[in-house]
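These notes concern the structure reproduced below.
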Amino acid sequence: MTSRRAGPLTGEAHVPGDKSISHRSLILGAMTVGETKVTGLLEGQDVLDTAKAMRAFGAQIEKIGETWHVHGVGVGGFLEPENVIDCGNSGTSVRLIMGTMATSPIVATFTGDASLNKRPMARVTDPLTLFGARAYGRSSGRLPMTIVGAKEPMPVRYATPVPSAQVKSAVLLAGLNAPGETVVIERESTRDHTERMLAGFGASISTEDTKEGRVITLQGRPEFVPQDIVVPRDPSSAAFPVCAALIVEGSDVLVPNIGLNPTRAGLFFALQEMGANLTFENMREAGGEPVADLRAKFSPDMKGIEVPAERAATMIDEYPVLSVVAAFAQGKTHMPGVKELRVKESDRIDAMARGLRAAGVQVDEGEDWWTVHGRGFGDVAGGATVETFLDHRIAMSFLVMGLATNAPMSVDDGQPIATSFPIFEGLMADLGAHVERT
1 MTSRRAGPLT GEAHVPGDKS ISHRSLILGA MTVGETKVTG LLEGQDVLDT AKAMRAFGAQ
61 IEKIGETWHV HGVGVGGFLE PENVIDCGNS GTSVRLIMGT MATSPIVATF TGDASLNKRP
121 MARVTDPLTL FGARAYGRSS GRLPMTIVGA KEPMPVRYAT PVPSAQVKSA VLLAGLNAPG
181 ETVVIEREST RDHTERMLAG FGASISTEDT KEGRVITLQG RPEFVPQDIV VPRDPSSAAF
241 PVCAALIVEG SDVLVPNIGL NPTRAGLFFA LQEMGANLTF ENMREAGGEP VADLRAKFSP
301 DMKGIEVPAE RAATMIDEYP VLSVVAAFAQ GKTHMPGVKE LRVKESDRID AMARGLRAAG
361 VQVDEGEDWW TVHGRGFGDV AGGATVETFL DHRIAMSFLV MGLATNAPMS VDDGQPIATS
421 FPIFEGLMAD LGAHVERT
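When the sequence shown is numbered by the UniProt record's numbering, its final residue is 438 and no position is left out of the sequence of numbers.
Here it is as structure tokens:
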């Protein structure tokens, strides 16, 4: 796919539903006796793979009109799947589902695409073995992997070694079918959708900030209550039309109904600190989550900033597109505390650094940090074809970049975009962007 400099981007960008909440809606709905109804579900491939997996464990899931209906099997009621569970490109799917089934006396084998099968799984399987589960996979701790669920699970007290909402969530989901209290301790807070949704479904869960960090305590074996869930729109998807509007001359774009959970909204605060003309309108609450309409306008006078390391967990998926904006700002944007980027769908620091350098932007990097030396509006060359490494966010970030570079930008493979943002191409075209398949 190729993008080229566009005229002003204008109009409303109705991005898909939040991916994190969509995954959890299906998984928790599958653990409820009765019918959970979900509207606004992200229908990207990652979430569809989660739905397919939940069916394999015994849940009934169907879409009628615009509503998804989930008839669950109850906590601890998962059936043993007949076939291998293929999670495609979705690290969230495989890690959360491993946790969910690890305390049931069943066996399941998981695999994924070439990208997912390179990602580390020991960070999840290590704490799951503390419950009594067993994991058998490649010697490198990667998929394909078989999980043998615990027949007599024990509750766990676990301090997460890295800030990861997926690890935390896997442990909490495993704790649902263990007796007594399961405790997770986070030194750095991560997105809290799992805690919010567990409480909404009727679990007894509490959070306390202590000297150890954030201590989350879950009482096992709750009786879940079916829910009607309205999924807010995804802030990670909103990042792309927002950032495009900031760097394309004359743009004025409204992105409505965006979830602004404080554990997810770090990008938008970083952009405002850079001097972006980005405002939150119609602030409100929906389904226990803060929501607002985002208005982004062309911002030619942005400056480079130091992004606080402690903010990394709140915007970890947005660093690629932030680095694109940083290329059009004046001065250095330094991003420390981001080693997690190296084990995402790709090594995102390496992938973005390669592409930015090919487009004429200086990038310095270390294992846990990187710095983009901004060239200012109108002085970014472009003209490169970038390898995406099967990573949807790398592909979308460089397609956004090409809307404002002096020469077009191309990506070698736009297909992974469908995993999280299947309407990206059409949505951007409706705003006035020039993005085409080549």
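Ideal placement from N, C-alpha and C gives every residue a C-beta, glycine not left out.
Taken in chain order, the whole alpha helix (DSSP H) runs of length 4 or more contained in the segment 208 to 250 are 235 to 247. If you ignore the 5 residues before and after residue 312, its C-beta comes within less than 6 Å of the C-beta of 337, 338, all in its own chain and listed in chain order.
In this structure, the beta-carbon distance from residue 255 to residue 232 does not fall below 8 Å. Segment contact: the segment 377 to 390 against the segment 406 to 417, three or more CB-CB distances shorter than 8 Å; contact assigned. Residue 335 is bridged by DSSP to 370. The Cβ atoms of residue 220 and residue 163 lie no closer than 8 Å to each other. In the three-state reduction of the DSSP assignment, residue 379 falls in the coil class. The beta carbon of residue 245 is closer than 6 Å to those of 9, 251, 253, 296 in its chain, skipping five residues each way along the sequence. Under DSSP, residue 134 forms a beta bridge with 148.
Secondary structure at residue 59: coil, using DSSP grouped into helix, strand and coil. Shown here for residue 188: same chain residues with a beta carbon closer than 6 Å to its own, the five before and five after excluded, namely 163, 313 in chain order. Residue 20 sits away from residue 237, with the two beta carbons spaced by 8 Å or more. Taking 8 Å as the cut-off, the Cβ atoms of residue 348 and residue 320 count as close. In the DSSP assignment, residue 290 is bridged to 285.
Straight-line measurement puts the Cα of residue 294 at about 30 Å from the Cα of residue 69. Contact between residue 302 and residue 276 holds, with the beta-carbon distance rounding to 6 Å and staying under 8 Å. Take the alpha-carbon of residue 356 and the one of residue 239: they are about 18 Å apart.
Here residue 391 is buried, its C-beta having at least 16 other C-beta atoms within 10 Å. Looking from the CA of residue 381, the closest CA among 328, 367, 105, 198 belongs to 328. For residue 350, the uninterrupted alpha helix (DSSP H) run begins and ends at 348 to 358, by DSSP. With contacts defined by Cβ atoms closer than 8 Å, residue 102 and residue 149 form a contacting pair. Minimum Cα-Cα distance from residue 194 among the listed residues 210, 174, 211, 181 corresponds to 174. For the options 24, 396, 281, 235, the alpha carbon positioned closest to that of residue 267 is the one of 235. Rounded to whole angstroms, the separation of the alpha carbons of residue 316 and residue 151 is 36 Å. Collapsing the DSSP output to three states places residue 71 in a strand. A direct Cα-Cα distance of roughly 31 Å separates residue 49 from residue 180.
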